[in-house]
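Q:
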Amino acid sequence: MSREHEWVDEEAGPVVRPYAVARGRTQPTSAAVDLLATVVSTGLPAPAKAELSVPHRRLLSSVAGQARPVVEVASELGLPVGVIRVLLGDLLEHGLVTVRPPRDKTASPSESLLREVINGLRAL
Numbered sequence: 207m208s209r210e211h212e213w214v215d216e217e218a219g220p221v222v223r224p225y226a227v228a229r230g231r232t233q234p235t236s237a238a239v240d241l242l243a244t245v246v247s248t249g250l251p252a253p254a255k256a257e258l259s260v261p262h263r264r265l266l267s268s269v270a271g272q273a274r275p276v277v278e279v280a281s282e283l284g285l286p287v288g289v290i291r292v293l294l295g296d297l298l299e300h301g302l303v304t305v306r307p308p309r310d311k312t313a314s315p316s317e318s319l320l321r322e323v324i325n326g327l328r329a330l
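This is how it looks when you write it as structure tokens:
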């Protein structure tokens with residue numbers, strides 16, 4: 207087998223290593239890009255200085271118009287979460303996405319409160 211076909215999968219096409227997609231970077235530029243954070247496009251045009259790759263653009267179109275968790279976007283695009291976090295950090299720097307941190311569990315209502323609400327609704 208020639209080396210030309212070593213990195214090609216008939217079904218998937220050319221195989222690219224994840225670190226190549228993230229240009230060798232392993233850490234996002236912003237700590238706000240948490241695994242469970244929610245991401246949505248701002249709808250702003252990309253600045254002229256922004257060097258957006260095809261994965262950047264695919265990610266941007268994936269979060270256009272609806273807020274989505276980082277892990278869901280990674281699954282849809284078929285890229286590791288670490289790569290998605292790096293790419294999102296780039297988009298965040300250019301103001302192309304907004305990242306909302308995951309909801310704080312302490313801000314969620316307790317199970318007992320939810321049961322009281324359900325029982326109250328049943329009583330109606």
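All the letters of the sequence shown, read from the start, carry residue numbers 207 to 330 under the numbering used here.
Backbone N, C-alpha and C define an ideal beta-carbon position, used for all residues, glycine too.
At what residues does the alpha helix (DSSP H) containing V292 begin and finish?
A: From DSSP, the alpha helix (DSSP H) with V292 extends over 287-299.
Q: With DSSP as the reference, label S259 as helix, strand or coil.
A: Here S259 sits in coil by DSSP.
Q: Below 7 angstroms CB to CB, which residues in the same chain sit around Q272 once its five sequence neighbours on both sides are set aside?
A: Closer than 7 angstroms at the Cβ level, and outside the excluded window around Q272, lie V246.
Q: In terms of residue numbering, what span does the beta strand (DSSP E) encompassing S247 cover?
A: 244-247 is the extent of the beta strand (DSSP E) around S247.
Q: Mind checking which residues open and close the beta strand (DSSP E) that includes V305?
A: Looking at the DSSP string, the run of the beta strand (DSSP E) that includes V305 is 303-306.
Q: In three-state DSSP terms, what is R309?
A: Three-state DSSP puts R309 in coil, outside helix and strand.
Q: Between P249 and G284, what straight-line distance do the alpha-carbon atoms span, to the nearest angstrom?
A: Before going on, a small fix: residue 249 reads as Gly here, not Pro. G249 and G284: Cα-Cα distance of roughly 23 angstroms.
Q: For L265 versus V287, is the C-beta distance shorter than 8 angstroms?
A: It is not a contact, given that the beta carbons lie outside the stated cut-off.
Q: Return the CA-CA distance between E322 and V305, expressed in angstroms with no decimal places.
A: Cα to Cα, E322 sits roughly 34 angstroms from V305.
Q: Around the Cβ of V303, are there at least 16 other Cβ atoms within 10 angstroms (buried) or fewer (exposed)?
A: With 16 or more other Cβ atoms within 10 Å, it is buried.
Q: May I have the straight-line CA-CA distance separating P251 from H262, to the nearest angstrom?
A: Each residue's alpha carbon lies about 13 angstroms from the other.
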